[in-house]
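> Sending over a structure as structure tokens; questions will come in a sec.
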Amino acid sequence: MHWWRKAWRRAGQTARLMVGVPDYDAYLAHCRERHPDAAVLSRADFHRNRIERRYGVGKGSPPRCC
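Residues 22 to 87 (this note's numbering) are what the sequence shown spells out, left to right.
So this is what it looks like as structure tokens:
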């Protein structure tokens, strides 16, 4: 891969994380590397989980005042 493609991909990933869009591909890579026997969440379930964790919905989420 050309260096500029890698830089562009990283810039896009950074921009998405800055506005609160979680990175499903990074999650999959992490799961494959660190937890190969565990089941992975679907893309929809992953995004739902990230939103719930971010805004304090559900079990295990920190309480939010706003």
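C-beta: ideal position from N, C-alpha, C; glycine also. Computed from a predicted structure; not experimentally measured.
Please report the distance separating the alpha-carbon of Trp25 from that of Ala36.
The alpha-carbon atoms of Trp25 and Ala36 are separated by roughly 16 Å.
> Give the DSSP-derived three-state secondary structure of Asp44 in the structure shown.
Coil.
> What are the boundary residues of the alpha helix (DSSP H) that His68 is part of?
Segment Arg64 to Tyr76, the alpha helix (DSSP H) holding His68.
> Using DSSP with H/G/I as helix, E/B as strand and the rest coil, what is Ala59?
Here Ala59 sits in coil by DSSP.
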